[in-house]
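My numbering numbers the first residue of the sequence shown as 83 and each following residue consecutively. Glycine included, each C-beta is placed from N, C-alpha and C at the ideal position.
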Amino acid sequence: MQKFLSIIMCLFALPLVIGGGYLLYLGGSPYYVVAGVLMLASAWLLLKRQWLAYALYSIFIIGSVIWAVWESGFYWWALATRLGFPLIFGLLMLLPWVARKMGTQKIKVLTGPSNNTLHNASGITSNTPLNTSSPQATADLSSANEGEHNEGPKKSAYYWALLASVVAGAAVSFGSMANNATDKLGALDLKGNSAAPANLGDPLSNGQQTPEGEWSAYGRTDYGQRYSPLTQINTDNVKNLEVAWQIQTGDVKGPNDVGETTYQATPLKLGNALYMCTPHNWALALDADTGEALWKFDPKVGENLQRQHQTCRGVSFYAGTNPQTSITTDIKAQKVEGNTFTKATTQCDAKIFIPTSDAKLYALNPETGQRCQDFGNEGAIDLMHNMPFKQAGYYYSTSPPIVAGDVIIVAGAVNDNYDINSPSGVIRAYDVNTGQLMWNWDAGNPEDTKPLDINDPNQTYKTSSPNSWAIASADEKLGLAYFPMGNRTPDQLGVYRSPAEEKYATSVVALDLKTGQARWVQQFVHHDLWDMDTPAQPSLIDLKTDKGVEPALVVPTKQGDVYVLNRATGEPILPIKERPASQNHLIKGEHASPTQPYSALSFEPKPLTEKDMWGASLLDQMMCRIEFNKLNYEGRYTPPSTQGTLVYPGNFGTFNWGSLAVDPENGVMFGMPTYLAFTSKLIPKDSLGDVETNKGEQGVNANEGADYAVEMGPFLSPLGVPCQQPPWGTIAAANLSTGEIAYQRKNGTVQDLSPLPLKFELGVPGIGGPIITKGGVAFLSAATENNFRAYDLKTGDVLWNQRIPAGGQATPMTYLNSKGEQMVVLVAGGHGSVGTEIGDYVIAYKLAK
Numbered sequence: 083m084q085k086f087l088s089i090i091m092c093l094f095a096l097p098l099v100i101g102g103g104y105l106l107y108l109g110g111s112p113y114y115v116v117a118g119v120l121m122l123a124s125a126w127l128l129l130k131r132q133w134l135a136y137a138l139y140s141i142f143i144i145g146s147v148i149w150a151v152w153e154s155g156f157y158w159w160a161l162a163t164r165l166g167f168p169l170i171f172g173l174l175m176l177l178p179w180v181a182r183k184m185g186t187q188k189i190k191v192l193t194g195p196s197n198n199t200l201h202n203a204s205g206i207t208s209n210t211p212l213n214t215s216s217p218q219a220t221a222d223l224s225s226a227n228e229g230e231h232n233e234g235p236k237k238s239a240y241y242w243a244l245l246a247s248v249v250a251g252a253a254v255s256f257g258s259m260a261n262n263a264t265d266k267l268g269a270l271d272l273k274g275n276s277a278a279p280a281n282l283g284d285p286l287s288n289g290q291q292t293p294e295g296e297w298s299a300y301g302r303t304d305y306g307q308r309y310s311p312l313t314q315i316n317t318d319n320v321k322n323l324e325v326a327w328q329i330q331t332g333d334v335k336g337p338n339d340v341g342e343t344t345y346q347a348t349p350l351k352l353g354n355a356l357y358m359c360t361p362h363n364w365a366l367a368l369d370a371d372t373g374e375a376l377w378k379f380d381p382k383v384g385e386n387l388q389r390q391h392q393t394c395r396g397v398s399f400y401a402g403t404n405p406q407t408s409i410t411t412d413i414k415a416q417k418v419e420g421n422t423f424t425k426a427t428t429q430c431d432a433k434i435f436i437p438t439s440d441a442k443l444y445a446l447n448p449e450t451g452q453r454c455q456d457f458g459n460e461g462a463i464d465l466m467h468n469m470p471f472k473q474a475g476y477y478y479s480t481s482p483p484i485v486a487g488d489v490i491i492v493a494g495a496v497n498d499n500y501d502i503n504s505p506s507g508v509i510r511a512y513d514v515n516t517g518q519l520m521w522n523w524d525a526g527n528p529e530d531t532k533p534l535d536i537n538d539p540n541q542t543y544k545t546s547s548p549n550s551w552a553i554a555s556a557d558e559k560l561g562l563a564y565f566p567m568g569n570r571t572p573d574q575l576g577v578y579r580s581p582a583e584e585k586y587a588t589s590v591v592a593l594d595l596k597t598g599q600a601r602w603v604q605q606f607v608h609h610d611l612w613d614m615d616t617p618a619q620p621s622l623i624d625l626k627t628d629k630g631v632e633p634a635l636v637v638p639t640k641q642g643d644v645y646v647l648n649r650a651t652g653e654p655i656l657p658i659k660e661r662p663a664s665q666n667h668l669i670k671g672e673h674a675s676p677t678q679p680y681s682a683l684s685f686e687p688k689p690l691t692e693k694d695m696w697g698a699s700l701l702d703q704m705m706c707r708i709e710f711n712k713l714n715y716e717g718r719y720t721p722p723s724t725q726g727t728l729v730y731p732g733n734f735g736t737f738n739w740g741s742l743a744v745d746p747e748n749g750v751m752f753g754m755p756t757y758l759a760f761t762s763k764l765i766p767k768d769s770l771g772d773v774e775t776n777k778g779e780q781g782v783n784a785n786e787g788a789d790y791a792v793e794m795g796p797f798l799s800p801l802g803v804p805c806q807q808p809p810w811g812t813i814a815a816a817n818l819s820t821g822e823i824a825y826q827r828k829n830g831t832v833q834d835l836s837p838l839p840l841k842f843e844l845g846v847p848g849i850g851g852p853i854i855t856k857g858g859v860a861f862l863s864a865a866t867e868n869n870f871r872a873y874d875l876k877t878g879d880v881l882w883n884q885r886i887p888a889g890g891q892a893t894p895m896t897y898l899n900s901k902g903e904q905m906v907v908l909v910a911g912g913h914g915s916v917g918t919e920i921g922d923y924v925i926a927y928k929l930a931k
């Protein structure tokens with residue numbers, strides 16, 4: 083047993099010695115090489131059955147405990163990975179099968195005709211006759227026959243020393259479980275004076291307000307609040323939610339689909355129908371009571387591996403001009419079983435709009451799903467018109483366009499880092515009834531918004547100009563639409579950008595609904611070299627401030643800042659300041675902004691240090707430390723380099739397209755800050771070799787036409803877990819008038835991430851968004867486990883937790899069915915690039931009777 087244990091300890095210790103030495107060479111912690119040496123020495127002494135092994139290993143454990151607490155404090159998940167294997171090996175040494183063999187010598191017994199001769203293990207022979215008739219001789223001979231001789235009880239004190247050190251280490255480690263080392267606990271004041279009178283959004287195009295039991299736009303209204311005034315489900319009874327109905331759409335990821343084939347759709351609810359889309363851009367109408375399919379429209383987008391995303395976040399609704407035909411229409415009478423409409427056979431007053439991944443925009447009749455022949459070209463617009471470059475799969479809209487007044491405004495995503503000569507990121511407004519181009523705003527040519535002639539191939543938009551791929555918001559009273567802006571491709575190479583593109587990239591811009599002119603812009607990253615696109619829909623809310631009631635805009639960023647601006651002027655409501663940023667490691671010809679903005683309300687994490695590195699064991703933790711010390715890192719704006727740069731927060735984002743939910747009656751927000759470090763590396767084209775490129779946003783992307791390709795991805799250990807210690811995912815709430823964070827708590831378990839379904843609540847990353855109801859409940863799935871949760875908005879406590887059959891990386895919604903029952907709906911289809919369970923489910927919940 084000693085031999086086997088010694089070998090295992092050596093196999094564990096040798097990498098610590100070698101890797102720890104390299105880490106020390108890089109300027110890292112000396113602990114790992116010291117730990118490796120002590121473990122090797124202990125293993126050797128254990129093999130020799132010397133009690134000194136126990137003494138030495140006791141010193142190693144006590145030193146490890148002191149080091150672990152010094153580095154990480156009393157935080158269970160940090161201590162467990164540092165002390166786990168040292169304590170396990172110590173416990174194995176204490177097993178009876180190991181300990182009873184310690185402090186012994188093997189001897190041989192030779193019996194001659196006239197005497198007994200002992201040969202000890204050292205080969206020295208004793209001729210002393212043995213009196214085998216005496217009791218002592220019998221005992222001695224018995225001991226000799228067993229081949230062992232105990233060296234004495236004095237040395238066995240080392241056993242108790244090791245036992246004491248293991249118990250002490252375990253006590254420190256397990257005792258830390260009682261310490262909440264990561265969460266900020268608190269409560270929102272939901273009866274405070276911070277909020278103005280509730281403003282839930284502008285009327286629909288027919289003059290009606292969105293009824294309280296309906297959901298007429300992605301964020302419920304064009305204000306993007308993700309807030310419902312329904313109160314039937316509340317903090318007291320939400321625990322009684324159960325499945326009311328569940329359907330499968332039939333649209334699933336195929337073998338030739340891109341990696342990021344994902345369900346991100348939030349349905350609309352109009353009349354007694356739900357309207358939604360699927361990853362391959364099917365538009366579906368479902369009965370709001372039963373989930374039964376009413377109609378289906380399949381645009382036949384086909385497969386294209388050049389797309390970085392195969393997804394659809396939602397459809398858009400135009401109420402029309404006739405109040406009697408829009409939201410009150412009961413389309414059950416118009417049900418068409420399993421039909422797929424590909425031709426325009428109807429004229430429409432109200433319309434459902436769906437953008438597709440082959441760069442089309444379709445207008446559909448809400449009652450039948452048929453294309454509206456009076457819109458565009460038989461119900462469709464080809465969005466590739468006037469594009470300077472038209473590579474298939476390089477441009478498409480993943481987010482629903484916004485309908486405001488008499489226009490539908492369409493933005494789109496441009497593939498990151500595929501080609502410097504890519505389609506434009508232009509934002510275009512079309513007449514909502516005819517499809518006529520009304521204006522176009524191009525960040526590469528922002529002053530000229532006069533619509534181009536769509537039939538003139540010589541009139542083109544600017545190449546690769548900054549795009550807006552997330553959801554927009556609008557305030558019709560102010561006459562403004564608000565677009566979160568991305569960057570110009572390539573993301574990490576700034577030498578191709580014009581002054582106009584520099585001004586509008588990575589910002590939020592307010593465009594005039596009538597003319598398309600930019601009325602104001604607020605930038606969140608200067609000269610963005612990190613793919614920090616503004617990813618989230620702005621939420622519009624009226625806030626009470628020191629200046630009185632102000633029309634506010636709330637927008638979160640990938641960096642973790644939450645900006646609160648006056649949406650009429652763009653001026654900050656909560657302060658925005660600048661701080662110095664790194665100027666080092668730049669490639670030739672590149673520059674970096676000397677300062678970068680940050681908001682008074684921020685969920686940005688503290689800068690990483692080597693002590694923050696994590697892993698399932700000392701070995702992969704050491705590997706993460708080695709990589710950390712090899713990467714360039716000087717805070718969240720360390721420029722990309724050929725050596726490799728750590729980007730934290732990573733471009734996955736502290737916040738992403740799921741945005742926040744805001745409560746306009748209390749002036750508060752609820753969101754899901756996520757923390758994942760990424761790495762970025764510029765690769766000179768002449769050294770790229772035969773590396774496979776352009777397989778999605780992660781991996782190596784070619785940047786055709788540029789001098790450098792770029793490699794990006796999450797900063798993971800050799801075992802595939804994040805290199806920085808958890809939590810990686812949280813839920814949080816804040817007061818928007820004061821900027822005070824009320825609470826921030828880890829969110830989610832690793833049961834769907836680990837080989838074993840262990841419900842360890844580390845706080846897991848996620849992508850998707852929350853909603854809030856007037857009943858005081860926030861609903862959120864999104865995390866990388868198949869669970870759907872309801873939270874107490876006031877405290878963040880989990881009130882309801884339901885397993886779901888696939889990943890829930892979509893934002894839920896809520897409505898009233900025809901019986902007046904409040905329903906909560908989640909689309910659960912998984913997310914191809916984050917690895918959650920793939921499916922095609924739509925699930926509705928209501929209170930048990």
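query: Buried or exposed by the 16-neighbour rule on C-beta atoms within 10 Å, applied to T651; result: exposed
query: C-alpha gap between K335 and G289, whole angstroms; result: 40 Å
query: Beta carbon of P505 nearer than 8 Å to that of V492; result: no
query: Beta-carbon proximity check, G911 vs Y357, cutoff 8 Å; result: no
query: L350 versus R570: straight-line alpha-carbon distance, rounded; result: 32 Å
query: M358 - containing beta strand (DSSP E), residue span; result: 355-359
query: C-beta contact flag for L625 and A618 at 8 Å; result: no
query: Proximity of S621 and Q605 at Cβ, strictly below 8 Å; result: no
query: Cβ pair P548, G568 closer than 8 Å; result: yes
query: Candidates Y715, F379, R510, D702: closest to K596 by CA position; result: R510
query: Nearest neighbour of G301, chosen from P847, S481, M520 [CA to CA]; result: S481
query: Contact under 8 Å by Cβ, L700 with Y107; result: no
query: Residue environment, F86, which counts as buried when at least 16 other CB atoms sit within 10 Å; result: exposed
query: Exposed unless 16 or more other CB atoms sit within 10 angstroms - verdict on G671; result: exposed
query: Span separating the alpha-carbon of M704 from that of A95; result: 12 Å
query: Simplified DSSP assignment, three categories, for W521; result: strand
query: For Q891 and H913, the rounded distance between their alpha carbons; result: 6 Å
query: C-beta neighbour in chain D for Y719, strict 8 Å; result: In the structure shown, chain D cannot be found, because there is only a single protein chain.
query: Meets three-Cβ-pair contact criterion under 8 Å: the region 444-452 and the region 371-384; result: yes
query: P852 and A280 closer than 8 Å at C-beta; result: no
query: Endpoints, the alpha helix (DSSP H) within which R871 is located; result: No alpha helix (DSSP H) holds R871; the beta strand (DSSP E) holding it covers 869-874.
query: Cβ-Cβ separation, G830 to G848 (assumed contact under 8 Å), whole Å; result: 7 Å
query: Endpoints, the beta strand (DSSP E) within which D557 is located; result: 555-557
query: Distance cut-off 7 Å: G576 Cβ against heavy atoms of the ligand HEM; result: The model depicted lacks the ligand HEM and carries no ligand whatsoever.
query: Rounded separation between A674 and C805 - CA only; result: 27 Å
query: Beta-carbon spacing of K659, Y680 below 8 Å; result: yes
query: W152, buried or exposed, once every other Cβ within 10 Å from all chains shown has been counted against 16; result: exposed
query: G373 beta carbon less than 8 Å from that of A926; result: yes
query: Own chain partners of S111 with C-beta closer than 7 Å, once the 5 adjacent residues on each side are dropped; result: L105, E692, R707
query: Alpha carbon of W126 to alpha carbon of I144, nearest angstrom; result: 20 Å
query: Local conformation of Y730 per DSSP, three classes; result: coil
query: T720 classed as buried or exposed, judged by whether at least 16 other C-beta atoms fall within 10 angstroms; result: buried
query: Reduced DSSP category for Q905 - H, G, I as helix; E, B as strand; rest coil; result: Rather than Gln, the amino acid found at residue 905 in this sequence is Met. Strand, per DSSP.
query: CA-to-CA distance, I886 to D834, given in whole angstroms; result: 12 Å
query: Residues bridged to E324 [DSSP beta-bridge criterion]; result: K928
query: The region 297-314 in contact with the region 737-746 per 3-pair CB rule at 8 Å; result: yes
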